[in-house]
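A.B. asks: Got a structure for you, questions after.
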Amino acid sequence: MNEIYIQKDADPKVSIMIQSFWWIDKQGDLTIQREKIIPDGYPELIFHLGDAYKTNINGVWELQGKDLIAGQIKNSFFLENTGESKMFAIKMQPWALTELFDIEITSLTDKVVEIPLKSLKILKPIKEVATSSLSFDEKVKQIENWFLFCISKLKKKPLKGQKIVELIIRNNGKLSLKEIQNKIGISERSLERYFKAHIGLSPKFYVRIIRFSYIFRLIQEGDIDWSDIVFQAGFYDQSHFIKNFKEFTGEDPSQYKFFEENMANLFLKK
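The working numbering runs 2 ahead of the 1-based position in the sequence shown.
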């Protein structure tokens, strides 16, 4: 059977809070498959229309719920289906869960958990759309309209910390934190506080994740020339690049299957 993997960037009107949407449908294939998930720097809201998954993040297999919130992850982990695989998800901007739902993001680092009841009540209209029989595009359209209304109610201006995260992403993790701090005008201590409260990772670690994820976009652009990719992604040398890649994937870059259709590649490629 054909598997369906779809990812779509959010409309610019809601991109201040949503990075993209994704949909996976194994179309009735009940074969048990183990998938690797790799850090990409974005938290997610995930809704299962099929059977729940098992996760192994900290060395123990656990059965997930069906309405999930995934925080920032520092290392790769594994997922395994228990039956039918069918998921709709919203990839949020790094600061969005705190800004919109006042979620304590640090408590979600390296975790995929059921959406807290308080937040699930707020998200009830989103869950209803996400788990409906509507087409992927129609779901995206209705959910974007809901978030557009939420965004219109926000009174706060973007914090300096958010502007720094945006700069890190826009520059693919290649600008130094000192350069960014000087550009925005924020102290190192204030930046650390912002990241702890809104992102769930340290600024330095977040930069490393964004720089690492840029590798996948570079590889999409043509033949793999490792020396060129190492340079363009901003690594000091090839050994530093390999060490970083292994840390986040558990694999050597020369052995990694960049063009295989799987969850990790869906999330990391544009």
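For each residue, glycine too, the CB sits at the ideal point set by N, CA and C.
So which of S229, G202 and F80 has the shortest CA-CA distance to T100?
C.D. replies: As a first step, residue 100 is located in the sequence shown; it is residue number 98 there, counting from the start. Comparing Cα positions, the closest option is G202.
A.B. asks: Could you give the DSSP three-state label for A72: helix, strand or coil?
C.D. replies: Numbered from 1 along the sequence shown, position 70 holds the residue referred to as residue 72. The answer is strand: DSSP assigns A72 an E or B state.
A.B. asks: Tell me whether the beta-carbon of I92 lies closer than 8 Å to the beta-carbon of F23.
C.D. replies: Working through the sequence shown from its first residue, we reach residue 92 at position 90. Working through the sequence shown from its first residue, we reach residue 23 at position 21. Yes, these two residues count as a Cβ contact at 8 Å.
A.B. asks: Can you confirm whether the region 192-208 touches the region 166-184 when touching is taken to mean that 3 or more C-beta pairs between the two stretches lie within less than 8 Å?
C.D. replies: As far as the Cβ criterion goes, the region 166-184 touches the region 192-208, which means the pair count is three or higher.
A.B. asks: Residues in its own chain within less than 7 Å of V131 by CB, not counting five upstream and five downstream?
C.D. replies: Taking the first residue of the sequence shown as 1, we reach residue 131 at position 129. The residues are K141, Q144 and I145.
A.B. asks: Ordered along the chain, which non-local residues of its own chain (more than five positions away) have a Cβ less than 8 Å from that of R172?
C.D. replies: Reading the sequence shown from its first residue, position 170 is the one you call residue 172. None.
A.B. asks: Distance check for I226 and F151, CA to CA, integer angstroms please.
C.D. replies: Position 149 of the sequence shown, counting from 1, holds the residue named residue 151. Position 224 of the sequence shown, counting from 1, holds the residue named residue 226. Computed Cα separation, rounded: 43 Å.
A.B. asks: Is the Cβ-Cβ distance between F90 and W25 less than 8 Å?
C.D. replies: For the purposes of this step, residue 90 is taken as residue 88 along the sequence shown, with counting starting at 1. For the purposes of this step, residue 25 is taken as residue 23 along the sequence shown, with counting starting at 1. Yes. Within cutoff.
A.B. asks: Sorted by chain position, which residues of the same chain lie with C-beta nearer than 8 Å to F261's C-beta, five sequence neighbours on each side aside?
C.D. replies: Taking the sequence shown and counting its residues from 1, one reaches residue 261 at position 259. Result list for F261: N267, in chain order.
A.B. asks: Please report the straight-line C-alpha distance between D139 and S17, rounded to a whole angstrom.
C.D. replies: Residue 139 sits at position 137 when you count from the first residue of the sequence shown. Residue 17 sits at position 15 when you count from the first residue of the sequence shown. For D139 and S17, the distance between alpha carbons rounds to 16 Å.
A.B. asks: Could you tell me the boundaries of the beta strand (DSSP E) in which A91 lies?
C.D. replies: By 1-based counting over the sequence shown, the position of residue 91 is 89. Start and end: K88 to M94.
A.B. asks: State yes or no: is the C-beta of K28 within less than 8 Å of the C-beta of S87?
C.D. replies: Here residue 28 is taken as the residue at index 26 of the sequence shown, counted from 1. Here residue 87 is taken as the residue at index 85 of the sequence shown, counted from 1. Their beta carbons are under 8 Å apart, which means K28 touches S87 by this criterion.
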